[in-house]
Amino acid sequence: MSMSEFRLAKLTYVFERFFDTDKSGTIEKEDFHLAVKQLCKVRKWSEGGDDFKAVEASFMKMWDVLRKRCYKEDNEKISPEEFVQLWRNTGKIDEWEKVYMDLMFELQDTSGDGVIDEDEFAGVCDSFGVNPAEARQAFATFSMRGHVAVDKKYYEKLWKDYFGSDDPASPGNYMFGKVSFADVLQ
Ligand SMILES: [Ca+2]
Ligand SMILES: [Ca+2]
Numbered sequence: 002m003s004m005s006e007f008r009l010a011k012l013t014y015v016f017e018r019f020f021d022t023d024k025s026g027t028i029e030k031e032d033f034h035l036a037v038k039q040l041c042k043v044r045k046w047s048e049g050g051d052d053f054k055a056v057e058a059s060f061m062k063m064w065d066v067l068r069k070r071c072y073k074e075d076n077e078k079i080s081p082e083e084f085v086q087l088w089r090n091t092g093k094i095d096e097w098e099k100v101y102m103d104l105m106f107e108l109q110d111t112s113g114d115g116v117i118d119e120d121e122f123a124g125v126c127d128s129f130g131v132n133p134a135e136a137r138q139a140f141a142t143f144s145m146r147g148h149v150a151v152d153k154k155y156y157e158k159l160w161k162d163y164f165g166s167d168d169p170a171s172p173g174n175y176m177f178g179k180v181s182f183a184d185v186l187q
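In the working numbering, the protein residues as written are 2 to 187.
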């Protein structure tokens with residue numbers, strides 16, 4: 002079964018915005034190093050400090066599971082096609098995907114209270130170069146204007162919708178800070 006344009010646009014956006022940090026066209030280990038630096042800059046965490054090291058360890062774990070999942074003997078790069086291929090199985094959450102989801106939740110819940118609030122969300126989006134106003138609009142949409150607490154359980158529901166659903170009305174579509182995907186595949 003082929004993938005819908007809409008899902009392909011969502012996956013392409015995540016690939017370009019949240020994985021290929023250096024915009025080289027493929028995912029490599031260096032992208033993760035860069036993401037750590039950008040995030041710690043936004044958080045004002047000094048390089049080499051404990052917070053920095055914890056985030057770095059998480060990102061390196063992420064790279065490791067992703068690399069193993071996509072491993073080809075030819076290189077240490079993950080192409081957009083290989084990345085999209087990872088999300089064919091929509092029925093369950095893969096091991097590497099669970100690592101990624103847990104990491105993204107922990108990164109955003111800076112206060113550690115088990116809930117992602119608007120400022121926490123906007124901060125991480127900012128570190129990945131997402132437009133801040135759009136990120137806040139996206140947060141308002143998937144949190145139902147703050148009426149739904151974005152805890153782990155709700156986050157997992159949003160996640161399944163983002164990566165698995167073809168429904169343009171799913172609140173999960175907004176969870177990476179983008180409100181429209183019309184421009185992604187152009
Ligand atoms: Ca790259
Ligand atoms: Ca929090």
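The beta-carbon is built from N, C-alpha and C at its ideal position, and this holds for glycine as well.
Source: prediction; values computed, not measured.
Worksheet item: Just the Cα atoms here: how many angstroms apart are Glu6 and Tyr14?
Response: 12 Å
Practice prompt. Less than 8 Å between the CB atoms is what I'm expecting for Met176 and Phe143, so what's the real figure, rounded?
Written response: 6 Å
Worksheet entry | Within the segment 64-151, ranges of the alpha helix (DSSP H) (whole runs, at least 4 residues) | 81-86, 96-109, 119-128, 133-143
Worksheet item: Near ligand 1, which residues have their beta-carbon closer than 6 Å to a heavy atom?
Response: Cβ atoms closer than 6 Å to ligand 1 belong to Asp21, Asp23, Ser25, Thr27, Ile28, Glu29, Asp32.
Worksheet item: Could you check where the alpha helix (DSSP H) with Trp160 kicks off and where it finishes?
Response: Run containing Trp160: 153-165, per the alpha helix (DSSP H) assignment.
Item to complete: Using beta-carbon positions only, say whether Phe106 and Ile28 come within less than 8 Å of one another.
Response: One thing to note: Phe106 has its Cβ no nearer than 8 Å to the Cβ of Ile28.
Practice prompt. Measure from the alpha carbon of Phe20 to the alpha carbon of each residue in Ala58, Gly49, Leu67, then state which is nearest.
Written response: Leu67
Fill in: Contact set for Asp32: own chain, Cβ-Cβ below 7 Å, skip 5 residues either direction
Phe20, Asp21, Thr22, Asp23
Worksheet item: How about Tyr163 and Lys69: are their beta carbons less than 8 Å apart?
Response: Taking 8 Å as the cut-off, the beta carbon of Tyr163 is found no closer than this to the beta carbon of Lys69.
Discussion item. On a Cα-Cα basis, can you pick out the residue from Leu35, Glu82, Ala123, Asp51 that is closest to Trp64?
Written reply: Leu35
Fill in: Distance CB(Val116)-CB(Ala150) smaller than 8 Å
yes
Worksheet item: Hey, out of Pro81, Lys153, Asp118, Asp152, whose CA is closest to Ala136's CA?
Response: Nearest option by C-alpha distance: Asp118.
Worksheet entry | Where the alpha helix (DSSP H) containing Tyr175 begins and where it ends | First-last for Tyr175: undefined, no H or E at that position.
Discussion item. Rounded to whole angstroms, what is the Cα-Cα separation between Val43 and Gln86?
Written reply: 32 Å
Worksheet item: What separation, rounded to the nearest whole angstrom, lies between the Cα atoms of Lys62 and Gly49?
Response: 17 Å
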